[in-house]
Amino acid sequence: MPRRRRGALCAAAALGVLVPITVSATQDSAGAATPAVACTSQKAGLAAKLVTDITAALKGRASTTAVLVNDRVTKTSCILRPDTQFDSASVVKVTVLATLLWDAQKTGRQLTATEKSRATAMITKSDNDATSALWKQLGTTKVKGFLTAVGMTKTVPGANGYWGLTQITARDQQKLLGMLTAKNTVLTDASRGYVLQLMNSVVSSQRWGTPAGAPSTAKIHVKNGWLSRATHGWRVHSIGAFTGPTHNYQITVLTHDNKTMNDGINTIQAVARAVHKDLNPTAPARLGYVPTATPEEAIPAVPGRPARDAVPANPALR
49 MPRRRRGALC AAAALGVLVP ITVSATQDSA GAATPAVACT SQKAGLAAKL
99 VTDITAALKG RASTTAVLVN DRVTKTSCIL RPDTQFDSAS VVKVTVLATL
149 LWDAQKTGRQ LTATEKSRAT AMITKSDNDA TSALWKQLGT TKVKGFLTAV
199 GMTKTVPGAN GYWGLTQITA RDQQKLLGML TAKNTVLTDA SRGYVLQLMN
249 SVVSSQRWGT PAGAPSTAKI HVKNGWLSRA THGWRVHSIG AFTGPTHNYQ
299 ITVLTHDNKT MNDGINTIQA VARAVHKDLN PTAPARLGYV PTATPEEAIP
349 AVPGRPARDA VPANPALR
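With positions in the sequence shown counted from 1, the corresponding number in the working numbering is that position plus 48.
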């Protein structure tokens, strides 16, 4: 018989939601508990439905997947492997931009034309050179300062200029998205709006991941990333914020142990479709911002291998 997993439930409760649903963990062949999705909600029946549908979306997939969902409208949260660390790949680019703005705010200065150009290329096109230039300009001390200010305590900046090897967790990425979508003391409203506007303007080839299945009534803000290494195969990640008059929720899905890029994309988009459908059961389908059928993303540099830009999701590219 499966065992009830109280730890996951307590972690979800710590996110500030009020109505828990107890979720059972399964047992693997060695008898150890496998992490299970845990959800809480103030909307009757929603937590149980999300647990069922996210679990179904992940069934049979080989990747190690972390999921965090927060919806301020229905006071709903879902959580799976919130503190497992992953190589960030290009997802860290949002943190780089937020750090740049946070640092500029300290002296009340505006971004320079060069900084704006690099920021736009970094977020909308996932440009690696622009990211490396801003990372070098800031230095890891300032990045660490920003992480401390936000409370992203499990995030560790990549050493020796390898920003794509920054260690991230789903919980910390969700803290970042939460800060970007609500008034706070770290970033001004203008700074938050600037980040969100660029995340809403990514080129069409990078409109994949957490936007899959989003309703037409939501404004989409997304940043994705992928990277392969000798251990854990392909890391494929997507973070997204969904805003508008009737929407205020964020989704983070981090994966590794994927055999191909497409495996990671398919996992993320299966989870995203389940979440969007459950949070927006009567919303009309999206006709405009539809996830691309030909995803692309930049691959950050790692020791012994240079960075690559605009790499298509092709299983042969391993």
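For every residue, glycine included, the Cβ atom is placed at its ideal position computed from N, Cα and C.
Reference residue i; option with closest CA among the options
{"i": "N310", "options": "A322, R321 and R283", "result": "R283"}
{"i": "L106", "options": "A320, A355, K154 and W274", "result": "A320"}
{"i": "T113", "options": "K91, T82, L246 and V121", "result": "T82"}
{"i": "S111", "options": "G312, Y242 and D357", "result": "G312"}
{"i": "P360", "options": "Q185, T103, A92 and A341", "result": "A341"}
{"i": "P343", "options": "I316, T233, A169 and W211", "result": "I316"}
{"i": "L302", "options": "G108, T291, A137 and Q90", "result": "A137"}
{"i": "K325", "options": "G273, S276, R356 and T258", "result": "T258"}
{"i": "V177", "options": "Q133, G209, A238 and T236", "result": "A quick correction: the sequence has Asp, not Val, at residue 177. Taking only the C-alpha atoms, the option nearest D177 is G209."}
{"i": "L213", "options": "V250, H304 and V350", "result": "V350"}
{"i": "K184", "options": "G206, M200 and T201", "result": "G206"}
{"i": "R109", "options": "L327, D357 and T308", "result": "T308"}
{"i": "P329", "options": "R356, T294, A358 and G352", "result": "T294"}
{"i": "M200", "options": "P130, D237, T236 and H304", "result": "P130"}
N- and C-terminal bounds of the alpha helix (DSSP H) containing residue i
{"i": "G226", "result": "A218 to L228"}
{"i": "A95", "result": "L94 to L106"}
{"i": "M309", "result": "M309 to L327"}
{"i": "R166", "result": "A161 to T172"}
{"i": "V140", "result": "That residue, V140, is in no alpha helix (DSSP H); it is neither H nor E in DSSP."}
Residues of its chain near residue i, where Cβ-Cβ distance is below 6 Å and the 5 sequence neighbours each way are ignored
{"i": "V71", "result": "A caution first: V71 carries a pLDDT of 43, below 50, which makes its placement in the model too unreliable to give a value."}
{"i": "D306", "result": "The sequence given here has Asn at residue 306, not Asp. If we look at N306 and ignore the five residues flanking it on each side, its Cβ neighbours are S111, G281, W282, V284 and G312."}
{"i": "T300", "result": "L116, A218, Q221, Q222 and I287"}
{"i": "A331", "result": "P263 and T265"}
{"i": "A322", "result": "D101, I102 and A105"}
{"i": "R255", "result": "P339 and T340"}
{"i": "R356", "result": "I347"}
Limits of the beta strand (DSSP E) - the one that residue i falls within
{"i": "Y297", "result": "H295 to N306"}
{"i": "V367", "result": "No information on residue 367 is available, as it lies outside the stretch 49 to 366 that the chain covers here."}
{"i": "R118", "result": "Reading off the sequence, residue 118 comes out as Asn, not Arg. T112 to D119 is the extent of the beta strand (DSSP E) around N118."}
{"i": "A86", "result": "A86 to T88"}
Residues bridged to residue i [DSSP beta-bridge criterion]
{"i": "V359", "result": "E345"}
{"i": "R240", "result": "Answer is none; R240 lacks a bridge partner."}
{"i": "Q215", "result": "D135 and V204"}
{"i": "K271", "result": "I287"}
DSSP three-state assignment for residue i, whether helix, strand or coil
{"i": "S276", "result": "strand"}
{"i": "A266", "result": "coil"}
{"i": "S125", "result": "strand"}
{"i": "T385", "result": "In the structure as shown, the chain begins at 49 and stops at 366. Residue 385 is therefore absent and cannot be evaluated."}
{"i": "K190", "result": "helix"}
{"i": "V350", "result": "strand"}
{"i": "W256", "result": "coil"}
{"i": "D175", "result": "coil"}
{"i": "K91", "result": "coil"}
{"i": "T196", "result": "helix"}
{"i": "A181", "result": "helix"}
{"i": "A61", "result": "Model confidence at A61 stands at a pLDDT of 39, short of 50, so the residue's coordinates are unreliable; what they give is reported in the following sentence. Three-state result, A61: helix."}
{"i": "L246", "result": "helix"}
{"i": "K231", "result": "coil"}
{"i": "T340", "result": "coil"}
{"i": "Q158", "result": "coil"}
{"i": "T330", "result": "coil"}
7 Å CB neighbourhood of residue i in its chain, flanking five on each side removed
{"i": "N118", "result": "L63, S125, Q222, G226, Y297 and Q298"}
{"i": "R54", "result": "The pLDDT assigned to R54 is 42, lower than 50, so where the model puts this residue is not dependable, and the model offers no usable value."}
{"i": "I69", "result": "Unreliable positioning characterises I69 in this predicted model, as indicated by a pLDDT of 48, which lies under 50. A coordinate reading is not provided."}
{"i": "A318", "result": "A105"}
{"i": "D151", "result": "L186 and K190"}
{"i": "K141", "result": "M170, I171, S174, T179 and K271"}
{"i": "V198", "result": "K223, L224, M227 and V234"}
{"i": "L195", "result": "T203"}
{"i": "S239", "result": "L149 and Q153"}
{"i": "G261", "result": "A320, R321, H324 and K325"}
{"i": "N248", "result": "K267, I268 and H269"}
Beta-carbon proximity list for residue i, same chain, < 8 Å, skipping 5 on both sides
{"i": "S77", "result": "Only weak support exists for where S77 lies, its pLDDT of 35 falling under 50; the value from the coordinates is given anyway. Within the same chain, S77 has no close Cβ partners at all."}
{"i": "L159", "result": "L148, L149, A152 and A167"}
{"i": "L182", "result": "V144, L145, L148, E163, R166, A167 and M170"}
{"i": "L246", "result": "L145, A167, T168, I171 and T172"}
{"i": "T291", "result": "T229, L244, A266, K267 and H269"}
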